[in-house]
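If you're matching positions, the sequence shown starts at 30 in our numbering and goes up one per residue.
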Amino acid sequence: MDKKKPGGVIAQIDASKSDLDKAITKRKKALEAAQSDCNAAQRVFEKRVKDAEAEVEKAKAIYDGLIRELGSIKLYGNRIVVSGSSVIQLDESVETDISAAGTASGFKAGELFFSIVSNEGNSVVQLKAEQEREARQLAADIKTAIKTLSSRKERSEQAREGAEEALAKVCLDTTELEEKRERYLEIEKDTSAVDSAKKRYDDLMASINPADIQKEKAEMQKRAVRAAAKPVSIVLGVCFLLIGFNELMFTKNGALMGAIFLLICDCLFVYAAIEIRNDHLAKTE
């Protein structure tokens, strides 16, 4: 790049640095956008997997899912859990009984007992008297669960097999996610635009004499001072004009001072006019 190009050395440096900054910013934004696409694709993939896993669990629940809960009793499709630890597997040997206060066993008033008997063992759970209706519904649900145990197991296995196949397909279908990741890696690897802009900047800096930069900075400072001096000289010129006019017209024996003030005013106006003309000539060259 020609360092004598119109605009000056500093302008060329600023322009080249701006190009480099733009290239860096553009690449950064492209990387951020690509990363955002990767994150979105990852979320979509994870949701599909989660939904497929939920279908597997749903298929399992046909056979062993929670059906009803009453007090410390939980009835699942294939078992009864009492107090979180005692487990009774459902089969034809399971029987239930509900006994209330006033029976021959001498239960206290307000007490209700739910008994579960099976070949695996027995369990008795105390309930509130007002829970009798729910207890009878639980007993009915246990009978239904036992009757449908075999058919539900078959349906559950069939549904589970299909759901697990669907889950496997979802887990293997990573095409979109891989495409987004590959795109990110391509952008990350491609530094050509930044490298090119940096080379132009480095070449420019290597071709410029530091003394030329200092010289131009000094000239810029001078121009800045002159630019600031123009409005100041005009304002001062107006002030001296008014003071000089006042000395001539309203001050006794003020002719000399008035003439001096007016002379200073003329000098300031002439200076401002010369600077304005020089600026105009510099712009038209």
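Note that CB positions come from ideal geometry on N, CA and C, so glycine has one too.
{"query": "Which of helix, strand or coil does DSSP assign to Glu121?", "result": "coil"}
{"query": "Can you tell me which of Ile145, Asn151 and Leu141 puts its alpha carbon nearest to the alpha carbon of Gln160?", "result": "Leu141"}
{"query": "Would you check if there are 3 or more beta carbon pairs closer than 8 angstroms linking the region 73-86 to the region 185-195?", "result": "yes"}
{"query": "For the region 108-123 against the region 201-212, are there 3 or more C-beta pairs whose distance is under 8 angstroms?", "result": "no"}
{"query": "Kindly indicate which residue of Asp66, Lys176, Glu194 and Ala158 has the alpha-carbon position closest to the one of Ile127.", "result": "Ala158"}
{"query": "Which whole-angstrom value describes the C-beta separation of Arg181 and Gly106, a residue pair presumed to lie in contact below a C-beta threshold of 8 angstroms?", "result": "6 angstroms"}
{"query": "Taking C-alpha atoms, which residue in Ala222, Asn238 and Lys244 lies nearest to Asp50?", "result": "Ala222"}
{"query": "In chain order, what residues of the same chain lie with their CB nearer than 6 angstroms to the CB of Leu99, ignoring the 5 residues before and after it?", "result": "Glu163 and Leu167"}
{"query": "What is the rounded straight-line gap between the Cα of Glu278 and the Cα of Val299?", "result": "The displayed chain sequence assigns Met, not Glu, to residue 278. One C-alpha to the other measures close to 24 angstroms."}
{"query": "Between Leu206 and Phe74, which are expected to be in contact by the criterion C-beta below 8 angstroms, what is the C-beta distance as a whole number of angstroms?", "result": "5 angstroms"}
{"query": "Can you find a heavy atom of the ligand ATP that lies under 7 angstroms from the Cβ of Glu124?", "result": "With respect to small molecules bound, the structure shown includes none, and the ligand ATP cannot be examined in it."}
{"query": "Rounded to the nearest angstrom, what separates Ser45 and Cys268 at their Cα positions?", "result": "46 angstroms"}
{"query": "Any idea what DSSP makes of Asn275, helix, strand or coil?", "result": "helix"}
{"query": "Look up Ile305 in the DSSP assignment and say whether it is helix, strand or coil.", "result": "helix"}
{"query": "How would you write the range of the beta strand (DSSP E) that Ile96 sits in, first residue to last?", "result": "Leu95 to Leu99"}
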